[in-house]
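For reference, the structure discussed in these notes is given below.
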Amino acid sequence: MSDMEDLLSEDELDALLGDESTAEPPASADGSPALERGGTEPPAARNAPSRTAAFATEPFDLTRPAPLDPASLRVLERLLLEFASTLSDAWSAELRARVRLALRAVEQVRFDAVLETLPEPLLVHVLREPARGHRWLCSLEPRAAFALLDRLLGGPGGESTPQRAPTALERRLLAPLTDALPQAFAQAFSRATAIEPRLERTETSVWLARVCSDHEPVLAAVFELEGELAGGRLHVTLPVPLCHRLHTPDAVETGDTGVAQADTAGAQAAPVRRALDAVQLELAAMLGSGRITVRELLSLGRGDVVVLSKRVGDPLVLRVGGRPRFTGTVGTVGGRYGFRIAERLPLEETRREAS
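Sequential numbering from 218 applies to the sequence shown in this note's numbering.
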């Protein structure tokens, strides 16, 4: 008997994989359901033509991060609100003035869109988390940078702003404020996961601070400086792999602000978490099915092709513990096949398939 059977019944597995979503499976190009459930399946091809049939395949890289879903975006937005609050408090204490960063926009875009839309020049801070190697950007517009610098030097907050990037000396003078960035990120993101970011370097253009490939998705957030130092913006660009790590299963929404907070059940939760880490489930990717006659079976030889029910581009089924649980697509990871999840099947559908 497997470890899964020792510790998890089918009902318990259903509870773990339960989903309130009742969305229908995606449709294929011709409008018919993408997953054939029941009905007559297409017959297999005959032997002769299949010996020379050519197959067109288009493998994709499963290591490329998948887009963020709406639930993840909501959690990340609340983490960014927490970051803005933490950084506002730190800057207010340093400047002895009321500083507020207001979150104006959060959007998932490609990194090349960030390169094209961010204004120039900028004061760009590249932050890095040594443990995982994640890098992200925190960019101050000149208006905000010089307003902070003017206040730091005893002025009112910079009514006239030079339209240039801060010099090396001015960047050193701003260090008491920019040094607060890693701690603000660490404190805000600690509600989802523990990270220890560091300020890696400072640039004067986002084109000199590429943290990922141009085509990769990133989360772009825009904050506006308000309060006694009104004016100017702070742009935060987070790579999607880091965003996926921040949206952990332990993150829950609590409180009036809806900030994601980690589960603090402590000793009661520890045995459950240990079991979740130890129990292994058998997965099987179902490429499709077909029908052939006994005569065709007896005549099958090397080079023959049996046509399966699935069409190219249709989502495939991933079975967990023998039951269909997810749909997705197959690709390659290094020298192996991999399965990218597209949708979790509703529990009613998995039970109907099993019966």
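The beta carbon of each residue, even a glycine, is placed where N, CA and C say it ideally should be.
Tell whether a beta-carbon distance below 8 Å holds between Leu463 and Leu293.
-> Pairing Leu463 with Leu293 gives a Cβ-Cβ distance under 8 Å.
Limits of the unbroken alpha helix (DSSP H) element including Leu351 | It should be pointed out that residue 351 corresponds to His in this sequence rather than to Leu. His351 -> not in any alpha helix (DSSP H); beta strand (DSSP E) instead, spanning His351 to Leu357.
Enclosing alpha helix (DSSP H) for Val524 [first to last residue] | No alpha helix (DSSP H) holds Val524; DSSP gives it neither H nor E.
Roughly how far, in whole angstroms, is the beta-carbon of Leu340 from the beta-carbon of Ala405, given that I think they are within contact range, below 8 Å?
-> About 21 Å separates the two Cβ atoms, so there is no contact after all.
Return the chain-ordered list of same chain residues with a C-beta closer than 8 Å to the C-beta of Ala397, the five sequence neighbours on each side being excluded.
-> Excluding residues within five positions, the ones whose Cβ falls inside 8 Å are Leu304, Ala307, Trp308 and Glu311.
Identify which residue in Gly545, Leu332, Phe300 and Gly552 has its Cα closest to the Cα of Ile558.
-> Nearest Cα to Ile558 within the set Gly545, Leu332, Phe300 and Gly552: Gly545.
Taking buried to mean at least 16 other C-beta atoms within 10 Å of its own C-beta, is His342 buried or exposed?
-> His342 should be labelled buried.
If you draw a straight line from the C-alpha of Leu517 to the C-alpha of Trp353, how long is it?
-> Their Cα atoms are separated by approximately 55 Å.
Would you kindly report the start and end of the unbroken beta strand (DSSP E) that includes Pro541?
-> Counting along the chain, the beta strand (DSSP E) containing Pro541 begins and ends at Arg540 to Val550.
Nearest to Ala385 by alpha carbon, out of Arg418, Ala364 and Ala411?
-> Per the Cα distances, Arg418.
Run the CB neighbour count on Asp531, radius 10 Å, all protein chains shown included, and call it buried at 16 or more, exposed below.
-> Counting Cβ neighbours within 10 Å, Asp531 comes out buried, since at least 16 surround it.
If we ignore side chains and look at the alpha-carbon of each, how far apart do Arg315 and Glu445 end up?
-> Rounded to the nearest angstrom, the two C-alpha atoms are 6 Å apart.
Which class does His197 belong to by DSSP, given the choice of helix, strand or coil?
-> As displayed, the chain neither begins before 218 nor continues past 572, which places residue 197 out of reach and without an answer.
Residues bridged to Ile412 by DSSP?
-> Answer is none; Ile412 lacks a bridge partner.
Does the ligand SAH have even one heavy atom less than 7 Å from the beta-carbon of Asp396?
-> Ligands are entirely absent from the displayed structure, and the ligand SAH is therefore not among its contents.
Helix, strand or coil: how does DSSP classify Pro458 here?
-> Under the three-state reduction of DSSP output, Pro458 falls in the helix class.
CB of Leu436 within 8 Å of CB of Val423, strictly = Cβ atoms of Leu436 and Val423: not closer than 8 Å.
Beta-carbon separation of Cys355 and Leu451 under 8 Å?
-> In this structure, Leu451 lies closer than 8 Å to Cys355 by Cβ.
Using the C-alpha atoms, what's the distance from Ala426 back to Arg630?
-> In this structure the chain extends from 218 to 572, so residue 630 is not present and cannot be described.
Own chain partners of Arg327 with C-beta closer than 8 Å, once the 5 adjacent residues on each side are dropped | Answer for Arg327: Asp431, His432, Glu433, Pro434 and Val435, listed in chain order.
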